[in-house]
Amino acid sequence: MHDGLRDLSQPDSFEKAGFAIEAQTAAANGALRVSVTYGEALYDSRLDTSPALETIKREIQAQLQQSQTAQAIVHGLEATYALNHPPATAPPAGATGSDPSSQPAQPADSSGSNNDFSGATGDFNGAGSKLDAKLAAGIGTGILGGSGLALLIWRRRRYQQLERHQIVLKARITTLLMACHDLLSGDSPADTILYSLFSAAGGQQYAELDQAVQTGLLQARQALNQAFITQDQLAQRSPKWPWDLNRQVKSWETLYLTLIGQQLHRENLTDSELRVVLDPLQTLDAYRWENRLAAPLKQLQQKLAETPLAIELKLTPLTADTDSLGILGMVQQIKAQIVRLRESEVTAPKRLVALQQYCQKIAAVLPNDLGLSVDDLLAGVRQLLDHAAAAMAQTRFLETLADCEQAAAALSGVIDYRDAIAAYRQHQTEIQTLLAAGFRPPQYATQQAALEDCLAIGRRAIAAGDYATIPDHLAVLSQLDRSLLQHVRQWQQRYDRNCQQLEHLQDRLSQLSSLLDSVTTADWPELQRYPADNWQSVVDSLPTAERILRAADRSELPQIAALNSLQQQRLDVAQQQLQSVCQQIDRAEGQILQVRQQLEMVQTLAIALADWITQSGDRLRQIDAFCSNKFFGLFGHSEPQLQTAAAALDQAQQQVLLQQYMSGLARHDEAGHLMPKVYLGKLVEMAQATERRVNDWDAGSAGRSDYRREIAQMPSTRTIETASGDGIHYLYQQLNEAKALLKSARRSAEAAIRRAQQRRREAERRHAASRSSYTSSASSRSSHASGSSRRSSRSASHGSSSRRSSTGSSKGSSRRR
Numbered sequence: 001m002h003d004g005l006r007d008l009s010q011p012d013s014f015e016k017a018g019f020a021i022e023a024q025t026a027a028a029n030g031a032l033r034v035s036v037t038y039g040e041a042l043y044d045s046r047l048d049t050s051p052a053l054e055t056i057k058r059e060i061q062a063q064l065q066q067s068q069t070a071q072a073i074v075h076g077l078e079a080t081y082a083l084n085h086p087p088a089t090a091p092p093a094g095a096t097g098s099d100p101s102s103q104p105a106q107p108a109d110s111s112g113s114n115n116d117f118s119g120a121t122g123d124f125n126g127a128g129s130k131l132d133a134k135l136a137a138g139i140g141t142g143i144l145g146g147s148g149l150a151l152l153i154w155r156r157r158r159y160q161q162l163e164r165h166q167i168v169l170k171a172r173i174t175t176l177l178m179a180c181h182d183l184l185s186g187d188s189p190a191d192t193i194l195y196s197l198f199s200a201a202g203g204q205q206y207a208e209l210d211q212a213v214q215t216g217l218l219q220a221r222q223a224l225n226q227a228f229i230t231q232d233q234l235a236q237r238s239p240k241w242p243w244d245l246n247r248q249v250k251s252w253e254t255l256y257l258t259l260i261g262q263q264l265h266r267e268n269l270t271d272s273e274l275r276v277v278l279d280p281l282q283t284l285d286a287y288r289w290e291n292r293l294a295a296p297l298k299q300l301q302q303k304l305a306e307t308p309l310a311i312e313l314k315l316t317p318l319t320a321d322t323d324s325l326g327i328l329g330m331v332q333q334i335k336a337q338i339v340r341l342r343e344s345e346v347t348a349p350k351r352l353v354a355l356q357q358y359c360q361k362i363a364a365v366l367p368n369d370l371g372l373s374v375d376d377l378l379a380g381v382r383q384l385l386d387h388a389a390a391a392m393a394q395t396r397f398l399e400t401l402a403d404c405e406q407a408a409a410a411l412s413g414v415i416d417y418r419d420a421i422a423a424y425r426q427h428q429t430e431i432q433t434l435l436a437a438g439f440r441p442p443q444y445a446t447q448q449a450a451l452e453d454c455l456a457i458g459r460r461a462i463a464a465g466d467y468a469t470i471p472d473h474l475a476v477l478s479q480l481d482r483s484l485l486q487h488v489r490q491w492q493q494r495y496d497r498n499c500q501q502l503e504h505l506q507d508r509l510s511q512l513s514s515l516l517d518s519v520t521t522a523d524w525p526e527l528q529r530y531p532a533d534n535w536q537s538v539v540d541s542l543p544t545a546e547r548i549l550r551a552a553d554r555s556e557l558p559q560i561a562a563l564n565s566l567q568q569q570r571l572d573v574a575q576q577q578l579q580s581v582c583q584q585i586d587r588a589e590g591q592i593l594q595v596r597q598q599l600e601m602v603q604t605l606a607i608a609l610a611d612w613i614t615q616s617g618d619r620l621r622q623i624d625a626f627c628s629n630k631f632f633g634l635f636g637h638s639e640p641q642l643q644t645a646a647a648a649l650d651q652a653q654q655q656v657l658l659q660q661y662m663s664g665l666a667r668h669d670e671a672g673h674l675m676p677k678v679y680l681g682k683l684v685e686m687a688q689a690t691e692r693r694v695n696d697w698d699a700g701s702a703g704r705s706d707y708r709r710e711i712a713q714m715p716s717t718r719t720i721e722t723a724s725g726d727g728i729h730y731l732y733q734q735l736n737e738a739k740a741l742l743k744s745a746r747r748s749a750e751a752a753i754r755r756a757q758q759r760r761r762e763a764e765r766r767h768a769a770s771r772s773s774y775t776s777s778a779s780s781r782s783s784h785a786s787g788s789s790r791r792s793s794r795s796a797s798h799g800s801s802s803r804r805s806s807t808g809s810s811k812g813s814s815r816r817r
């Protein structure tokens with residue numbers, strides 16, 4: 001192949017937007033020849049016209065002759081891409097990350113750009129190894145497209161960024177290690193500068209605190225020694241491959257986390273904030289120190305001044321295994337104890353004076369009816385304050401603050417005790433008032449004794465200075481106090497409810513007595529004017545009601561009043577008997593009203609029953625015509641149930657003539673229950689036949705809506721059996737509507753079926769005619785179809801070939817330089 005335009009007579013499928021670098025060895029003398037091939041889209045570009053390409057080719061050839069094959073091909077790809085894309089300030093669109101210089105770095109995590117950074121470096125090395133192997137053998141070709149080149153350049157930049165990040169890591173970790181060494185250096189924890197600050201603040205006076213600080217310093221020093229060992233080991237390693245660099249950077253970042261701890265790293269501390277953690281003077285400069293401590297502190301402050309310390313992790317995610325506290329976290333805890341000691345020197349005297357004044361104020365306002373004298377109540381508080389003053393005189397300020405906190409809690413307990421006693425006495429006043437009124441709650445004595453015992457225990461605890469138990473005693477006291485008050489109140493409320501219900505029953509008794517007199521003198525004589533059949537069922541109602549009312553008035557209600565009185569206070573028994581008497585009075589009212597309702601019923605039947613029987617007779621004939629199997633409506637037999645209904649209607653008619661309206665109503669309802677059942681049974685048969693029609697394939701959806709409405713419209717057998725009077729007439733309305741819907745559904749379905757069958761017959765006739773015509777012209781049509789098929793085949797073949805030849809492609813010709 002020669003330089004310049006490729007031979008267009010040969011097939012060429014080079015990528016239009018791609019380019020490649022090729023290195024070949026001559027067969028005769030083994031000389032290297034470098035060429036660049038690119039597609040049509042790069043014609044007339046800088047890659048096609050710039051003479052700088054020859055310089056790039058010579059540089060590649062020189063590196064290849066020195067056996068720097070991987071470096072040569074990478075340099076060639078970078079330089080060629082830069083020649084055609086001068087800006088080259090951002091990674092390509094298909095890259096999995098971005099140049100760190102083009103956007104702010106993100107926090108390291110397990111799913112972010114760090115994984116992309118590691119993968120890019122590994123892929124870059126793999127690509128270089130493949131190219132190196134091919135070029136060193138003297139045969140083959142190394143080819144990368146335009147997008148592949150961009151990705152390779154971007155990955156190399158990321159690799160370089162990782163190297164720079166490692167340099168920063170080493171420098172800042174060294175600074176942190178030396179700063180921690182200055183704080184923690186010494187033969188023992190007591191020799192460190194931090195312990196000297198702790199001791200100067202008076203920390204040695206507190207044995208437990210002193211032991212905790214020395215233990216923390218020892219642990220921090222051990223962790224620092226291990227960090228120095230890890231630093232030495234990492235510094236002696238030299239990465240051979242990109243993935244080795246990844247692992248080494250992760251190790252440096254892990255060491256950094258060991259120094260500052262996961263907790264401080266999550267706070268995203270700045271350089272100045274980290275200096276505050278490392279420099280004691282940043283937080284302790286307000287206090288005066290001895291000259292032997294001030295000098296080294298100033299030196300450490302000068303070392304840390306303007307020194308960058310914070311690092312943003314790129315590869316190491318924060319996990320549960322990461323050290324949460326870190327060496328700086330331990331240092332920060334010890335500094336917090338020193339600050340606490342220094343602050344106590346200022347706050348302890350103020351706190352003690354404030355509490356002493358507050359104690360005097362409380363003593364002046366405490367009442368004398370709390371079961372203890374003021375001196376007894378405050379004896380333990382004053383003892384704590386005296387102990388706090390003695391500790392302050394010995395400069396044990398932390399102990400002073402601890403005593404002050406106990407004294408403050410004790411004073412709070414005394415105040416709560418005062419408030420609880422005030423509430424107790426208020427409740428006792430209400431309870432004693434109810435007791436004086438005559439109420440005797442059954443659990444009063446037991447609950448009052450438990451309450452007094454709790455009060456005695458609380459007083460003894462306060463007198464002994466056991467203020468810590470006061471909240472528990474007061475909680476029990478409050479619960480017992482509320483329980484006793486609630487018990488007494490509920491007993492009074494139950495008495496009041498019984499009295500109200502007793503008064504209500506007495507009022508009802510008076511009203512029902514008046515109603516009984518009215519019904520006995522007016523309604524009952526009027527009802528007896530009719531034959532006995534109309535009132536025989538209620539003949540015992542009025543005597544029963546009179547007996548119930550007399551018993552309630554003369555014995556039951558007076559007995560309940562005695563049980564509910566303050567003398568007996570048998571409130572539970574009184575409540576039960578009140579419920580029983582209430583039920584009896586309700587029964588008496590029902591007996592009285594039954595007579596009045598019977599009279600109203602008989603008067604209504606005397607007017608309407610004859611018409612009801614006539615209407616039922618008309619419906620009977622309609623149902624018989626619809627349901628009975630007769631020829632032309634003349635021959636055959638009626639349904640047996642309809643015959644029974646007809647006989648019942650005849651009997652009802654006879655009883656109306658005899659004014660026996662209740663018996664006539666019973667016979668009418670008997671017929672009224674039989675006729676709808678027969679009607680419903682016939683409609684069910686009709687519905688089954690209609691269902692078959694509307695579900696026929698030819699019917700489609702015709703009639704289905706009316707059929708579903710009919711199913712919803714039909715009453716149930718239970719509804720028919722429980723209907724009476726006007727309810728029976730409403731049943732017929734429902735059944736007639738269901739019948740009309742069934743007929744409509746059947747007509748619609750049958751019409752649709754007839755239309756479908758007609759269309760099918762017409763289609764069969766057309767098909768038969770078509771077959772006859774086809775048979776008469778079969779031979780001529782067969783010959784014509786054969787010739788047409790051959791022409792169609794040739795035409796289809798020609799058309800397919802034309803489409804393939806005219807189809808566009810992303811491939812094309814190329815040039816080589």
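Mapping of the sequence shown onto this note's numbering: residues 1 to 817, in sequence order. Idealized CB from N, CA, C, for every residue including glycine. Quick caveat: nothing in here was measured; it's all calculated off a predicted structure.
Please work out which residues of its chain come closer than 7 Å, Cβ to Cβ, to T807, disregarding the five sequence neighbours upstream and downstream, and give them in chain order.
-> Locating residue 807 in the sequence shown gives position 807, where the first residue counts as 1. Residue placement at T807 is poorly supported in this model, since its pLDDT is 32, which falls under 50; the coordinates still yield a value, given next. By the criterion of a C-beta distance shorter than 7 Å, T807 is surrounded by no residue of its chain, once the five residues flanking it on both sides are discounted.
Three-state secondary structure (DSSP) at G76?
-> For the purposes of this step, residue 76 is taken as the residue at position 76 of the sequence shown. DSSP, read as helix, strand or coil, puts G76 in helix.
Which residues in the same chain have their Cβ closer than 6 Å to the Cβ of S541, if we skip the five residues on either side of it in sequence?
-> Within the sequence shown, numbered from 1, the residue matching residue 541 stands at position 541. If we look at S541 and ignore the five residues flanking it on each side, its Cβ neighbours are Q591, Q594 and V595.
Sequence-distant residues of its chain with Cβ nearer than 7 Å to K682 (five each side left out) = Along the sequence shown, read from residue 1 onward, the residue named residue 682 stands at position 682. These residues qualify, in order along the chain: F626 and C627.
Cα separation between L366 and Y358?
-> Start at 1 with the first residue of the sequence shown, and residue 366 comes out as number 366. Start at 1 with the first residue of the sequence shown, and residue 358 comes out as number 358. Approximately 12 Å, taken between the alpha carbons.
Who are the Cβ neighbours of A391 in its own chain at under 7 Å, not counting the five residues just before and after it?
-> In the sequence shown, residue 391 corresponds to position 391, counting from 1. E399, T400 and D403.
Excluding the 5 residues preceding and the 5 following E710 in the sequence, name in chain order all residues of the same chain whose CB lies nearer than 7 Å to its CB.
-> Taking the first residue of the sequence shown as 1, we reach residue 710 at position 710. Taken in chain order, the residues that qualify are A687, A738, L741, L742 and A745.
Return helix, strand or coil for V36, following the three-state DSSP convention.
-> One-based indexing of the sequence shown puts residue 36 at position 36. V36 carries a strand assignment under DSSP once its states are collapsed to helix, strand and coil.
CB-CB under 7 Å to R781, same chain, minus the five flanking residues each way: which ones, in chain order?
-> Counting from one through the sequence shown, the residue named residue 781 turns up at place 781. Unreliable positioning characterises R781 in this predicted model, as indicated by a pLDDT of 49, which lies under 50. The coordinate reading is nonetheless provided below. Taking C-beta separations shorter than 7 Å and ignoring five residues to either side along the sequence, R781 has no partners in its chain.
When you compare each of T690, G261, A463 and L665 to Q333 by their alpha carbons, which one comes out closest?
-> Here residue 333 is taken as the residue at index 333 of the sequence shown, counted from 1. Per the Cα distances, G261.
Span of the alpha helix (DSSP H), counted from its first residue to its last, around F228 = Here residue 228 refers to the residue found at position 228 of the sequence shown. Looking at the DSSP string, the run of the alpha helix (DSSP H) that includes F228 is A207 to A235.
Taking 8 Å as the threshold, find out whether the region 513-532 comes into contact with the region 595-614 through three or more Cβ pairs.
-> Yes, they touch.
Which two residues bound the contiguous alpha helix (DSSP H) that contains A648?
-> Sequence index remark: in the sequence shown, residue 648 carries index 648 (1-based). Annotation: the continuous alpha helix (DSSP H) that includes A648 extends over P640 to L657.
With a CB to CB cut of under 7 Å and the five nearest residues on each side skipped, what residues in its chain are close to L304?
-> In the sequence shown, the residue the question calls residue 304 occupies position 304. Counting only residues of its own chain and dropping the five nearest sequence neighbours on each side, L304 has a CB closer than 7 Å to the CB of A179, R275, L278 and D279.
Could you tell me the boundaries of the beta strand (DSSP E) in which I311 lies?
-> Here residue 311 refers to the residue found at position 311 of the sequence shown. Annotation: I311 is outside any beta strand (DSSP E) and is labelled neither H nor E by DSSP.
Per DSSP, which residues does I21 bridge with? Please list them.
-> Numbered from 1 along the sequence shown, position 21 holds the residue referred to as residue 21. Its beta-bridge partners are V36.
Cβ contact (3+ pairs, closer than 8 Å) linking the region 458-467 and the region 379-386 = Short answer: they touch.
Please report the residue range of the alpha helix (DSSP H) in which T446 lies.
-> Here residue 446 refers to the residue found at position 446 when the sequence shown is read from its first residue. That run of the alpha helix (DSSP H) goes Y444 to A463.
Kindly indicate which three-state DSSP category A31 falls into: helix, strand or coil?
-> Translated into positions along the sequence shown, residue 31 becomes position 31. Coil, per DSSP.
Looking at the structure shown, is A171 part of a helix, part of a strand, or coil, going by DSSP?
-> For this step, residue 171 is matched to residue 171 along the sequence shown. Correct three-state label for A171: helix.
Exposed unless 16 or more other CB atoms sit within 10 angstroms - verdict on E556 = Locating residue 556 in the sequence shown gives position 556, where the first residue counts as 1. The C-beta of E556 has 16 or more other C-beta atoms within 10 Å across all chains shown, which makes the residue buried.
Can you grab the Cα-Cα spacing for the pair P189 / A354, in whole Å?
-> Here residue 189 is taken as the residue at index 189 of the sequence shown, counted from 1. Here residue 354 is taken as the residue at index 354 of the sequence shown, counted from 1. Roughly 38 Å separates the two Cα atoms.
By Cβ distance, which residues of its chain are closer than 6 Å to Q68, with the 5 residues on each side in sequence left out?
-> Counted from its first residue, the sequence shown places residue 68 at position 68. The answer is none, since no qualifying residue turns up.
Closer than 7 Å by C-beta to H75: which residues in its own chain qualify, once you throw out the five before and the five after it? Chain order, please.
-> As a working note, residue 75 is residue 75 in the sequence shown. If we look at H75 and ignore the five residues flanking it on each side, its Cβ neighbours are E59, I60 and Q63.
For G326 versus T230, is the C-beta distance shorter than 8 Å?
-> As a first step, residue 326 is located in the sequence shown; it is residue number 326 there, counting from the start. As a first step, residue 230 is located in the sequence shown; it is residue number 230 there, counting from the start. The answer is no: Cβ separation not under 8 Å.
With a 10 Å radius around its C-beta and 16 neighbouring C-beta atoms as the bar for buried, classify I21 as buried or exposed.
-> Residue 21 sits at position 21 when you count from the first residue of the sequence shown. With 16 or more other Cβ atoms inside 10 Å of its own Cβ, I21 counts as buried.
Would the beta-carbon of L620 fall within 8 Å of that of M675?
-> The residue you call residue 620 lines up with position 620 of the sequence shown. The residue you call residue 675 lines up with position 675 of the sequence shown. By the CB criterion at 8 Å, L620 and M675 fall inside the cutoff.
Candidates T433, E430, S478 and G438: closest to A450 by CA position = What you label residue 450 is simply residue 450 of the sequence shown in a count that begins at 1. If you compare the alpha carbons of T433, E430, S478 and G438 with that of A450, the shortest gap goes to S478.
Closer than 7 Å by C-beta to V573: which residues in its own chain qualify, once you throw out the five before and the five after it? Chain order, please.
-> For this step, residue 573 is matched to residue 573 along the sequence shown. The residues are L563.
Proximity to S344 [Cα-Cα], best of F397, I362 and L372 | In the sequence shown, residue 344 corresponds to position 344, counting from 1. Nearest option by C-alpha distance: F397.
Outcome for I720 when other beta-carbon atoms lying within 10 angstroms are tallied against a minimum of 16 = Numbered from 1 along the sequence shown, position 720 holds the residue referred to as residue 720. Label assigned to I720: buried.
Contact check, Q447 vs S483 under 8 Å by CB: the rounded distance?
-> Sequence index remark: in the sequence shown, residue 447 carries index 447 (1-based). Sequence index remark: in the sequence shown, residue 483 carries index 483 (1-based). Between S483 and Q447 the Cβ distance is about 6 Å, and since that is below 8 Å, they are a contact.
For F397, does the three-state DSSP call read helix, strand or coil?
-> What you label residue 397 is simply residue 397 of the sequence shown in a count that begins at 1. Assigned with DSSP and collapsed to three states, F397 falls in helix.
Measure how close the beta-carbons of R459 and L372 come, nearest whole angstrom, since I'm counting them as under 8 Å.
-> Residue mapping note: residue 459 aligns to position 459 of the sequence shown, counting from 1. Residue mapping note: residue 372 aligns to position 372 of the sequence shown, counting from 1. So it is a contact: roughly 6 Å between Cβ atoms.
Presumed contact (8 Å Cβ cut-off) between A388 and A407, rounded CB distance = Residue numbering aside, residue 388 sits at position 388 when the sequence shown is read from its first letter. Residue numbering aside, residue 407 sits at position 407 when the sequence shown is read from its first letter. At roughly 7 Å, the Cβ-Cβ gap stays under 8 Å, so A388 and A407 are in contact.
On the premise that L649 lies in contact with L609, defined as a C-beta separation below 8 Å, what is that separation, rounded to the nearest angstrom?
-> Position 609 of the sequence shown, counting from 1, holds the residue named residue 609. Position 649 of the sequence shown, counting from 1, holds the residue named residue 649. With 8 Å as the limit, L609 and L649 do not qualify as a contact, their Cβ atoms being about 11 Å apart.
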